[in-house]
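Protein chains in written order, with numbering that gives the first Met the number 0: chain A, 0 to 413; chain B, 0 to 413.
Protein chains: 2
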Amino acid sequence: MPQINDNYLKLKAGYLFPEIGRRVTAFCQENPTAKVIRLGIGDVTEPLPPAIIDAMHKAVDEMARRETFRGYGPEQGYDFLRNAIVEHDFKARGCDIAADEVFVSDGSKCDTGNILDIFGLKNTVAMQDPVYPVYVDTNVMAGRTGAADAQGRYEGLTYLPCTAENDFTPSLPTKPVDLIYLCYPNNPTGAVATRETLTKWVDYAKQTGAVILFDAAYEAFITDPSLPHSIYEIPGARDVAIEFRSFSKNAGFTGTRCAFTVVPKTVMAKTADGAQQAIHPIWNRRHTTKFNGVSYIVQRGAEAVYSPAGKQQCADLVKFYLENAQILQHGLESVGISVYGGVNAPYIWLKTPDNKTSWDFFDYLLKNAHLVGTPGSGFGASGEGYFRLSAFNSRANVEEAVVRIKTLLGRLIA
Amino acid sequence: MPQINDNYLKLKAGYLFPEIGRRVTAFCQENPTAKVIRLGIGDVTEPLPPAIIDAMHKAVDEMARRETFRGYGPEQGYDFLRNAIVEHDFKARGCDIAADEVFVSDGSKCDTGNILDIFGLKNTVAMQDPVYPVYVDTNVMAGRTGAADAQGRYEGLTYLPCTAENDFTPSLPTKPVDLIYLCYPNNPTGAVATRETLTKWVDYAKQTGAVILFDAAYEAFITDPSLPHSIYEIPGARDVAIEFRSFSKNAGFTGTRCAFTVVPKTVMAKTADGAQQAIHPIWNRRHTTKFNGVSYIVQRGAEAVYSPAGKQQCADLVKFYLENAQILQHGLESVGISVYGGVNAPYIWLKTPDNKTSWDFFDYLLKNAHLVGTPGSGFGASGEGYFRLSAFNSRANVEEAVVRIKTLLGRLIA
Chain A
0 MPQINDNYLK LKAGYLFPEI GRRVTAFCQE NPTAKVIRLG IGDVTEPLPP AIIDAMHKAV
60 DEMARRETFR GYGPEQGYDF LRNAIVEHDF KARGCDIAAD EVFVSDGSKC DTGNILDIFG
120 LKNTVAMQDP VYPVYVDTNV MAGRTGAADA QGRYEGLTYL PCTAENDFTP SLPTKPVDLI
180 YLCYPNNPTG AVATRETLTK WVDYAKQTGA VILFDAAYEA FITDPSLPHS IYEIPGARDV
240 AIEFRSFSKN AGFTGTRCAF TVVPKTVMAK TADGAQQAIH PIWNRRHTTK FNGVSYIVQR
300 GAEAVYSPAG KQQCADLVKF YLENAQILQH GLESVGISVY GGVNAPYIWL KTPDNKTSWD
360 FFDYLLKNAH LVGTPGSGFG ASGEGYFRLS AFNSRANVEE AVVRIKTLLG RLIA
Chain B
0 MPQINDNYLK LKAGYLFPEI GRRVTAFCQE NPTAKVIRLG IGDVTEPLPP AIIDAMHKAV
60 DEMARRETFR GYGPEQGYDF LRNAIVEHDF KARGCDIAAD EVFVSDGSKC DTGNILDIFG
120 LKNTVAMQDP VYPVYVDTNV MAGRTGAADA QGRYEGLTYL PCTAENDFTP SLPTKPVDLI
180 YLCYPNNPTG AVATRETLTK WVDYAKQTGA VILFDAAYEA FITDPSLPHS IYEIPGARDV
240 AIEFRSFSKN AGFTGTRCAF TVVPKTVMAK TADGAQQAIH PIWNRRHTTK FNGVSYIVQR
300 GAEAVYSPAG KQQCADLVKF YLENAQILQH GLESVGISVY GGVNAPYIWL KTPDNKTSWD
360 FFDYLLKNAH LVGTPGSGFG ASGEGYFRLS AFNSRANVEE AVVRIKTLLG RLIA
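Here it is as structure tokens:
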């Protein structure tokens with residue numbers, strides 16, 4: 000009988016969002032008339048922009064005719080999309096990235112997990128705490144950790160605490176690490192990285208030989224023109240950083256599925272015998288052997304994100320969600336809650352009132368205001384005592400949520 | 000500096016199909032007027048059936064309106080698709096499979112590689128030889144093998160030779176193994192498994208505790224009504240087998256991307272301390288943590304494969320490709336080539352004439368007939384001296400290919 004990969008047994012009970020789903024379902028079954036508003040999972044609510052819809056209809060029609068039908072495409076993505084990405088996301092911002100350094104995929108969630116395949120198991124890994132749970136979970140599955148402690152911290156990982164005390168900007172690791180996850184704009188705290196912050200990390204990686212895994216899934220929400228959108232805006236970054244990008248949040252692709260990962264040819268690792276080895280061909284081998292490309296129809300939709308109409312329509316979407324974030328922020332502040340994020344990010348990160356634990360506040364908010372958020376401790380031990388609200392919802396729901404928050408929390412704090 | 004996963008360095012120069020692509024590109028650059036016909040990679044050529052096109056247009060329109068827009072779906076696939084799969088692919092054939100045992104994905108290539116994540120590294124693995132190269136390559140990447148020998152056989156894997164001498168039906172392993180890949184209808188040999196053959200494997204797995212990884216991506220091409228389409232048609236199989244299925248070849252989804260994997264709740268493995276552990280929740284954890292579901296639009300397209308119109312249109316597609324296979328088979332036989340497969344599979348497996356090696360015959364056919372096939376040795380050491388032709392092409396190209404084969408090989412053999 001085969002052995003399972005026992006590392007899976009180290010994982011805590013469930014991925015954060017399924018656990019939230021379980022509690023919400025139970026609540027709704029007990030309270031069938033409650034009008035629950037979900038500001039929990041970061042899922043978009045607005046329809047796909049017209050330019051994208053048009054492009055996908057056209058692509059579907061191409062699939063209906065022999066002359067224009069597409070079978071297997073390049074696993075790495077079609078040139079039309081890779082070229083558009085390079086042109087608009089990188090060259091336009093002065094970043095030196097080539098089309099064959101862009102790997103189109105079906106999601107950043109997959110990529111941030113899959114990238115670990117190409118690294119040895121003995122590498123040490125650092126990550127912000129709190130952070131998107133997939134980084135931790137996929138390292139646990141791969142066998143780079145020991146067991147979790149009572150707060151959920153796994154032995155062997157280097158956690159970089161991000162709290163109000165350090166303005167959600169972590170210090171450099173105190174001991175050397177091989178891989179460093181950075182997520183900016185940050186999920187869940189909404190914190191952003193200045194040019195100085197990213198320069199500090201790039202310089203650190205160059206000095207120590209570390210590789211940065213830079214998750215920029217929320218870059219479209221950056222409103223401050225002084226902030227970098229890509230880590231490749233920092234000199235030297237293409238020697239030390241892999242960047243993850245997604246169409247999920249800027250173009251509403253959470254259910255349509257398209258993302259990409261940038262692996263510059265200049266990022267190096269070493270082999271067991273100490274030789275330098277470029278990461279690009281190793282990732283290319285993984286990508287072509289274990290993946291078969293994104294649907295042609297979806298890639299044509301993603302290409303339309305970069306058309307003049309698509310750009311404007313996506314910018315309008317982002318603006319809409321950021322207005323939601325502002326409404327939430329002001330509502331929370333009006334009842335004395337400490338609020339972070341929400342300006343260059345679609346997430347509001349708040350200090351739980353009354354020193355409630357994150358899950359207690361989750362249950363409290365669900366029971367008394369029929370609002371669903373995400374407990375900060377679900378993103379890591381340093382998220383305890385915090386709570387995330389997502390700006391991805393209709394305006395009416397966001398406004399109604401603020402009314403409920405004011406009623407409930409105004410009373411609690413008073 | 001991080002260490003790479005050194006196992007990648009054990010891989011032979013390139014995945015088979017990129018190497019073919021390289022040689023064809025070089026030939027075409029040197030011979031720009033040559034009309035090259037590609038019967039190499041198993042990629043479909045005919046457009047998507049109208050029922051699928053209609054369903055995808057409708058789904059695209061749903062994505063355009065807030066009321067019907069879909070964000071993140073269930074990672075495992077929408078119920079509408081999982082239920083259709085169970086109803087038509089399993090219940091209709093008497094197989095006891097539940098909808099929550101079906102995991103919808105973006106491709107069988109991904110799934111046959113990804114499934115390895117959930118098994119321990121010390122498991123022993125057996126596979127047919129020759130066979131779809133992804134099984135071997137992903138085991139090498141995961142670290143379950145030593146180096147390759149001169150014939151390309153990796154130390155530590157158990158190869159089950161399939162040649163004309165044993166009618167392409169492998170013997171049971173002579174030493175115990177934990178995981179057994181079986182591919183039926185077989186890629187590349189086109190061999191099929193009778194009920195008796197599959198019963199032998201299921202009984203063997205039950206007796207020894209092995210788990211069968213059953214790749215049935217080509218089941219739609221089975222024409223003989225006595226042959227099982229799913230391993231779950233065999234009593235006891237749901238205790239020992241995982242099955243991989245795909246929409247790539249029955250419905251033309253190679254560029255549209257949808258597949259599924261069946262993991263019955265009754266398939267067991269063991270933990271390091273010897274306890275029994277069901278595989279289903281472990282795979283579910285992997286799937287939900289490292290994957291975010293297939294595009295809603297594509298899942299609606301896949302659902303249409305099971306509509307009355309979709310079923311008829313897909314059956315017509317399959318019939319068309321099987322007629323191509325017959326034309327190829329008869330053409331080859333008419334010049335005295337030994338031909339296998341092609342009746343219940345879209346692949347023709349032939350013995351190379353004149354005792355040429357597989358790659359020599361590849362170059363010979365490309366240079367002299369401008370035909371691209373796939374060298375048998377690319378599928379494994381026991382494929383040396385064989386060659387695969389794919390029936391996925393237009394009728395005109397297949398007929399032209401037969402003319403060229405007759406001209407060239409008639410001369411060679413005469």
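From the three backbone atoms N, C-alpha and C, an ideal C-beta is built for every residue, glycine too.
In this text, all values refer to a predicted model and were calculated from it rather than measured experimentally.
Is there a Cβ from chain A that is less than 8 Å from the Cβ of residue 42(B)? yes
Please report the distance separating the alpha-carbon of residue 291(A) from that of residue 40(A). 28 Å
With 8 Å as the threshold, decide whether the Cβ of residue 68(A) is near any Cβ in chain B. yes
Residues of chain A with CB closer than 8 Å to the CB of residue 278(B), please, in chain order. 3
Minimum Cβ-Cβ distance from residue 378(B) to chain A less than 8 Å: no
Residue 400(A) to residue 16(A) span [Cα, whole Å]: 20 Å
Where do the N-terminal and C-terminal ends of the alpha helix (DSSP H) with residue 53(B) fall, by residue? 49-62
With DSSP as the reference, label residue 161(A) as helix, strand or coil. coil
Which bits of chain B does residue 47(A) rub up against, with CB to CB less than 9 Å? 59, 62, 63, 68
Starting from residue 37(A), follow its DSSP beta bridges and name the residues at the other end. 371(A)
Let me know if residue 120(B) comes out buried or exposed under the rule of 16 or more other beta-carbons within 10 Å of its beta-carbon. exposed
Check whether the Cβ atoms of residue 428(B) and residue 248(B) sit closer than 8 Å, and answer yes or no. Because chain B in this structure spans residues 0 to 413, residue 428(B) falls outside the shown range and cannot be described.
Hey, out of 79(A), 33(A), 32(A), whose CA is closest to residue 54(A)'s CA? 79(A)
Below 7 Å between beta carbons is the criterion; list the residues of the stretch 171-189 of chain B that meet it against any residue of chain A, in chain order. 177, 178
Taking 8 Å as the threshold (C-beta atoms), are residue 212(B) and residue 114(B) in contact? yes
Following the continuous beta strand (DSSP E) through residue 350(A), name the residue where it begins and the one where it ends. 346-350
Only counting the same chain, and skipping five residues up and downstream in sequence, which positions put a Cβ closer than 6 Å to that of residue 186(A)? 131
Span of the beta strand (DSSP E) around residue 214(B): 210-214
Residue closest to residue 217(A), alpha-carbon to alpha-carbon, out of 208(A), 261(A), 182(A): 182(A)
Buried versus exposed call for residue 333(A) [16 or more other C-beta atoms within 10 Å across all chains shown]: exposed
Check whether the Cβ atoms of residue 282(B) and residue 167(B) sit closer than 8 Å, and answer yes or no. no
How about the stretch 238-256 of chain A and the stretch 59-75 of chain B: do they share at least three Cβ pairs that are nearer than 8 Å? yes
Check the Cβ-Cβ distances between residue 294(A) and every residue of chain B, and say whether any is below 8 Å. yes
For a test of the three-state rule: what should DSSP assign to residue 101(A), helix, strand or coil? strand
Chain B contacts made by the stretch 96-110 of chain A, where a contact means CB separation under 7 Å: 105, 106, 108, 109
Alpha carbons only, please: which of 364(A), 135(A), 310(A), 77(A) is nearest the one belonging to residue 377(A)? 135(A)
Buried or exposed for residue 402(B), please, with buried defined as at least 16 other CB atoms from any protein chain shown within 10 angstroms of its CB. exposed
On a Cα-Cα basis, can you pick out the residue from 221(B), 201(B), 275(B) that is closest to residue 239(B)? 201(B)
Using CA coordinates, which residue listed in 383(A), 219(A), 164(A) is at the minimum distance from residue 246(A)? 219(A)
Cβ neighbour criterion (16 or more within 10 Å) applied to residue 275(B): exposed
Which residues in the same chain as residue 337(A) place their Cβ atom closer than 6 Å to its Cβ, once the five residues preceding and following it in sequence are excluded? 350
Using only the alpha-carbon positions, how far apart do residue 197(B) and residue 170(B) sit? 12 Å
CA-to-CA distance, residue 68(B) to residue 62(B), given in whole angstroms: 4 Å
Going by beta carbon distance, what residues of the same chain come within less than 6 Å of residue 26(B), once the five residues before and after it are set aside? 365
Within the continuous beta strand (DSSP E) that includes residue 258(A), where are the two ends? 258-261
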